[in-house]
Amino acid sequence: MTGSTGAFLARRVGTLALAVVAALAVWVAVLEVFDVSPLIGKRPWDVVEYVFLADGAAEHRATIGADLLVTVRDAGIGYLVGLVAAFLLAVVFAVSPVLERIVMPTAMVLRSIPLVVLTPLITLIFGIGQTGVTAIVIIVVFLPALANILYGLRSVSGEHRDLVLAYGGSSWTVLRKVALPAAVPSTLASARIAVPSAVTGAMIAEWLSTGEGLGGAISRAAGSFGYDAMWASAITVAAVTMLAYAVVSVADTLVQERMGRLS
């Protein structure tokens, strides 16, 4: 099993490397096809020079690293809280469909409002700081995850439910023995999809509210014509998001394969 896991991880690393190469090729191709001025549209080698080779490169790396830590903190807290809250509420809704019919319409209306519109309102309610940023990220992560996890909980077939009930089980037994295992794929999919959503929510909150992190850094750099810093910050957050998504995807596959062997 160790050998197969190692081969699987090697394949995933190779796939990630190919994805990086493809992203770099698209990056250069778009700038060249649309004839974007090098003063505005920085190429990969320009970013490498800014971060590693130029005068003050060490200072540039330190600044980007500090901003990255803030963005990872902002996105990470909201990501975890949003997923846990979505899972718990999905379980409640699975047991109480009446409560779902009361709450879900309001939640879906809230989800339809653009985040750029919601951010100032949430900032007014929770203030400029970690609480407000966390609330924004939770909204981005929570609602899609809730819908996906609830769908997984509801995917239990009637035959399985009837079998548990026929042997004296209750609705809670159906939930624990059948519905929760059936919801593992949708829960893991929600965790995977929520990674870029959480980063996007954190960046928007930093841009419109706190002015911290990479979101604030990109906003300031664009406003002061610091395109080198802007591109370096944008590529950094894109690379970290891609890596986090790949890690969660690997965990998703390994867990589902493990469950398949146990079933």
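First residue of the sequence shown? That's 3 in the numbering used here, and the numbers climb one at a time after it.
Glycine included, each C-beta is placed from N, C-alpha and C at the ideal position.
Quantities reported herein were computed from a predicted structural model and do not represent experimental measurements.
Hey, quick one: how far does the alpha helix (DSSP H) through residue i stretch, first residue to last?
i           : result
residue 206 : 186-207
residue 75  : 59-97
residue 41  : Unbroken run through residue 41: none, as it is neither H nor E.
residue 223 : 215-225
residue 50  : 46-50
residue 164 : 160-168
residue 175 : 173-176
To the nearest whole angstrom, what separates the beta carbons of residue i and residue j, a pair I think is in contact under 8 Å?
i           : j           : result
residue 150 : residue 191 : 6 Å
residue 235 : residue 246 : Not really, about 17 Å apart at Cβ, beyond 8 Å.
residue 189 : residue 89  : 6 Å
residue 230 : residue 52  : 4 Å
residue 55  : residue 238 : Actually they do not touch by this definition, with Cβ atoms about 16 Å apart.
Report the residue from the options whose alpha carbon sits nearest the alpha carbon of residue i.
i           : options            : result
residue 66  : 15, 215, 182       : 215
residue 153 : 224, 236, 238, 94  : 94
residue 132 : 261, 80, 13        : 80
residue 134 : 144, 121, 21       : 121
residue 41  : 228, 240, 83, 118  : 228
residue 250 : 167, 198, 45, 32   : 198
residue 27  : 168, 45, 210, 158  : 45
residue 145 : 159, 105, 165      : 105
residue 206 : 219, 127, 16       : 219
residue 78  : 158, 210, 202, 63  : 202
residue 137 : 76, 96, 168        : 76
residue 96  : 129, 123, 157, 64  : 157
residue 241 : 23, 177, 7, 31     : 23
residue 243 : 257, 256, 260, 200 : 200
Can residue i and residue j be called in contact, C-beta distance under 8 Å?
i           : j           : result
residue 217 : residue 73  : yes
residue 139 : residue 225 : no
residue 82  : residue 252 : no
residue 184 : residue 148 : no
residue 175 : residue 166 : yes
residue 162 : residue 142 : no
residue 20  : residue 248 : no
residue 209 : residue 221 : yes
Can you find a CB in chain B that lies within less than 8 Å of the CB of residue i?
i          : result
residue 77 : Reference to chain B is not applicable here, since this structure consists of a single protein chain.
Does residue i come out as helix, strand or coil in the three-state DSSP assignment?
i           : result
residue 130 : coil
residue 146 : helix
residue 114 : helix
residue 230 : helix
residue 36  : coil
residue 156 : coil
residue 56  : coil
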